[in-house]
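Report on one structure; see the data block that follows.
Residue numbers (the numbering used here): 399 to 580.
Dropping the structure here:
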């Protein structure tokens with residue numbers, strides 16, 4: 399692939415190939431589409447400024463672009479936390495449009511994921527919403543793949559308990575009856 403001196407053509411091809419996925423990643427982590435669009439624009443601007451550090455391998459460049467988006471979200475979260483309560487209330491009142499109604503099951507799952515500790519919710523979202531493998535998530539988060547797999551397993555168990563308490567009770571009852579047999 400040919401690139402200009404600033405790496406513009408390669409940058410454009412990476413954004414073209416991954417932009418929609420990055421936008422979905424952002425939409426899944428913010429409260430409204432306007433915030434997601436703003437974060438996407440900020441992600442592209444930040445990535446453009448740092449394009450010389452973008453890996454030349456397309457798969458690594460994809461992860462790098464998602465890493466930029468993640469850092470933008472973290473920076474935005476810190477900025478939001480510094481805002482005053484009055485500013486936050488005003489911002490919520492002027493939100494453009496409510497999100498489309500979701501199915502009851504989807505709302506329950508989303509709420510259960512939100513209730514997870516951040517490190518568990520992140521790996522679940524990256525796995526199921528964004529389609530990353532445990533090795534890609536490990537590279538993305540800078541942790542061992544075994545840690546990612548453990549977090550996924552723990553998160554699944556917590557979600558199973560939160561979403562189907564009756565099944566958890568049955569599992570415990572079965573385990574107790576098996577342990578009491580001679």
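We put the CB at the ideal spot given by N, CA and C, even for glycine.
Checklist line | Under 8 Å between C-beta atoms of residue 437 and residue 471 | finding: yes
Next item on the list: Would you check if the distance between the CB atom of residue 533 and the CB atom of residue 543 is smaller than 8 Å?
Entry: yes
Next item on the list: Report the rounded CA-to-CA distance for residue 402 versus residue 535, giving the unit in angstroms.
Entry: Note on residue 402: pLDDT 46, under 50, position unreliable in the model; no value is reported.
Check: Where do the ends of the alpha helix (DSSP H) carrying residue 504 lie?
Finding: 502-513
Item checked: Any chain B beta carbon closer than 8 Å to residue 464 -> Although the question refers to chain B, the structure presented lacks it and comprises just one protein chain.
Margin query: DSSP three-state label for residue 433, please.
Written below: helix
Item checked: Outcome for residue 416 when other beta-carbon atoms lying within 10 angstroms are tallied against a minimum of 16 -> buried
Note to self: Closest to residue 551 by C-alpha separation, out of 468, 514, 453, would be which residue?
What the structure shows: 514
Notebook entry, point to check: Between the stretch 406-421 and the stretch 449-459, do three or more beta carbon pairs fall short of 8 Å?
Noted result: yes
Note to self: Let me confirm a value: residue 455 is counted as buried when at least 16 other C-beta atoms fall within 10 Å, else exposed. Which label applies?
What the structure shows: exposed
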